[in-house]
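For reference, each letter of the sequence shown is one residue, going -21 to -1, 1 to 448 in mature numbering (1 follows the signal peptide of the UniProt record, and there is no 0).
Glycine is no exception: its CB is placed at the ideal position from the N, C-alpha and C atoms.
Please read these numbers as outputs of a predicted model, since none were measured by experiment.
Everything below concerns the one structure shown next.
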Amino acid sequence: MKLFKKALVATAIFGAMGAQAADLTDAVKSTSKQGLEVAAAAPASSVRAIVREQLEAGDQITLTFGAGVTGITSVAVDGNNDATATAADNQLGLVYGSGTYKLTPVSVTTTSGITTVVLEVKTGDPVTKDSSFEIQVRGANIAKAKAAEATVTYSAKSGLTGAAKDTTGDNNGSFIVLKDQYSASIKTKANGVIQRDNVKIFKSGAVATNNTDADTIVITLADAQTLLSPANGVNAQAKVTIEGDFSSTAFDAGTLAANFTITGQGTNTVGNLARANDKKSISFTVTDTAANDGIAGDYTITMDNAAQDIKATAFIASLSVDADTTSATNNAQEVLAKVDAGKWELDATIINIPYFPVGFSGINTSVHFANESSAAADVIITAISEAGTTYSTANMVDYLPAKKVLKVSQDTVRSLLKDSKGNTVPENTKLSVTFNIDANDGDVNAYAFSQKDGVGRQSLVTSQQKGIK
């Protein structure tokens, strides 16, 4: 007999360990964080309750609402198993979906701002384990200022014994779950080509085509209009900022619109195109249409140098969205924060020797070039001295012969370079020398060294920027 009693106790303990509670999801549908901030009121919302222990006729469910749910005075039960809300303002809505059980309201009470609704399972089909129903609250009954407290807590008890049922689980759900409405990405980065003979001017479009005077950046803006309380309409506006070197005359007031154009999405309004006073950024806005359909879409920014030179630069994009430009209290959502939007590649191989002494007694400095391509290469040499004087050469056609090694001595460098007045480099000068070579990636390489009489060679540091592949 004692053994039998111990077995019963063990069975009871095991049963208690296996008991599950109803799970309440948070809001079935998320609410726009930006939209709610500027909305006059909160949206209607619902929480789904999933029963984790079977409830029979007479069992009771108690729903306790947080301070963010106000004014509930009655319950509207969906008797047609219809997924549409049947409740009016100040009514709590219950939707069974495909469930065949029935719940009936027992009481609705409010004490110190906390509303409690008691429901009872009617005679007939039980609420089987894993059955569900939705608890719906109208927007008029959600206090926007207390949206974080618009919650509901579930509990259940036996109608026969009064013992608690469904007691250990995530029995709390929130009616308002905020989600950022906007997101964005760089769909296409700028990848134009820079003129070799200038090293500063954008020459043509994408490296792959290399046959157009324009280059583009495409920004994809996503706008989740399916959220509850989405922001939209003529007061919803995105601002796009592109950072770079916009000091070229192509972006002056009279030529900006012709050389920097934006293609928008649908009938959304693109406007307010402007260059910053420091000439380091350009910005424009995208405003929703009166149709209130949001500002999602691809926005193509085209930079065209057909009529004006455009300086080489890297581009950084930022994007923010103001859900209501007429409001002084809401916060704009930062969607892109200084992300890489591309850069222009140099149509050349650039080799720099940052320390290249020339004209010193007993020191011989030179650089050896290996041109492994089947074509001779043009070269432009530029240099700057420790005194700040700038020197350069004209474009030297076919200076590096094909399939050969060429030694360029310090005397050659001195004789080729001229300052703005036509003077050559004087003796005892320390230079930083740059060789701009019309060659593709890997075709030309260089080795520089300095040799002191009686001592030997010393390698000089070279930095090499490869050309286009």
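Paired residues, beta bridge with residue i - DSSP
i: Arg117; result: Arg117 pairs with nothing; no bridge assigned.
i: Asp202; result: Tyr161
i: Glu365; result: Glu365 is not bridged to any residue.
i: Pro84; result: Leu98
i: Asp298; result: Residue 298 is actually Leu in this sequence, not Asp. Partner(s): Val219, Leu315.
i: Ala20; result: Its beta-bridge partners do not exist; DSSP assigns none.
i: Ile93; result: Thr90
i: Gln70; result: Ser53
Local Cβ density within 10 Å of residue i, reported as buried at 16 or more and exposed below that
i: Pro22; result: buried
i: Ala296; result: buried
i: Ala62; result: Here Ala62 scores only 43 on pLDDT, less than 50, and its place in the model should not be relied on; the value that follows carries that caveat. It is exposed - the Cβ of Ala62 has fewer than 16 other Cβ atoms within 10 Å.
i: Met(-5); result: For Met(-5), the predicted structure reports a pLDDT of 39, less than 50, and the residue's modelled location is therefore unreliable. A value from the coordinates is still provided. With fewer than 16 other Cβ atoms within 10 Å, it is exposed.
i: Arg436; result: exposed
i: Asn310; result: exposed
i: Gly152; result: buried
i: Gly245; result: exposed
i: Ser183; result: buried
i: Ile173; result: buried
i: Ser227; result: buried
Which of helix, strand or coil DSSP assigns to residue i
i: Ala(-3); result: Any reading at Ala(-3) must be qualified, since the residue scores a pLDDT of 42, below 50, and its modelled position is unreliable; the value itself is stated next. In this structure, Ala(-3) counts as coil in the three-state DSSP scheme.
i: Phe239; result: strand
i: Phe225; result: coil
i: Asp303; result: coil
i: Arg436; result: strand
i: Ser110; result: coil
i: Glu128; result: helix
i: Thr10; result: strand
i: Asp390; result: helix
i: Lys382; result: coil
i: Glu324; result: strand
i: Ala62; result: In this prediction, Ala62 scores a pLDDT of 43, lower than 50, which makes its location untrustworthy; no coordinate-derived value is stated.
i: Glu406; result: coil
i: Leu396; result: coil
i: Lys123; result: helix
i: Leu15; result: helix
i: Lys431; result: strand
i: Phe230; result: helix
i: Gly273; result: coil
i: Pro336; result: strand
i: Ser377; result: Note that residue 377 is Asp in the sequence shown, not Ser. Asp377 falls in the strand class under three-state DSSP.
Neighbourhood of residue i by C-beta distance below 6 Å, restricted to the same chain and skipping five residues each side
i: Asn211; result: Asp267, Asn271, Gly273
i: Ser442; result: Asn331
i: Ala349; result: Val384, Asn424
i: Ala55; result: Thr65, Ala66, Gln70, Gly72
i: Ser208; result: Thr10, Ser11, Gly14, Leu15, Ala18, Pro22
i: Val85; result: Val97, Glu99
i: Thr220; result: Ser260, Ser262, Ser297
i: Gly223; result: Thr292, Phe294
i: Ala285; result: Asp192
8 Å Cβ shell around residue i - same chain, five flanking residues per side excluded
i: Ala36; result: Val100, Lys101, Thr102, Gly103, Pro105, Gly138
i: Gln39; result: Val85, Val97, Leu98, Glu99, Val100, Ala135, Lys136, Gly138
i: Ala269; result: Gly212, Val213
i: Val197; result: Ile165, Lys166, Thr167, Asp277, Tyr278, Thr279, Ile280
i: Ser24; result: Ala6, Val7, Lys8, Thr10, Gln115, Val116, Gly118, Ile121, Ala129, Phe154, Ile155, Leu207
i: Val178; result: Ala291, Leu325, Ala327, Ile329, Asn415
i: Glu351; result: Lys382, Gly421, Asp422, Val423, Asn424
Close-in-space but distant-in-sequence residues of the same chain around residue i (CB under 7 Å, 5 per side omitted)
i: Val337; result: Thr344, Gln389, Val392, Arg393, Val404, Thr408, Leu410
i: Leu439; result: Ile332, Tyr334, Phe335, Ala427, Phe428, Ser429
i: Gly341; result: Lys431, Asp432
Mind listing, in chain order, the continuous beta strand (DSSP E) runs of no fewer than 3 residues lying wholly within the region 26 to 60? 39 to 44, 53 to 56
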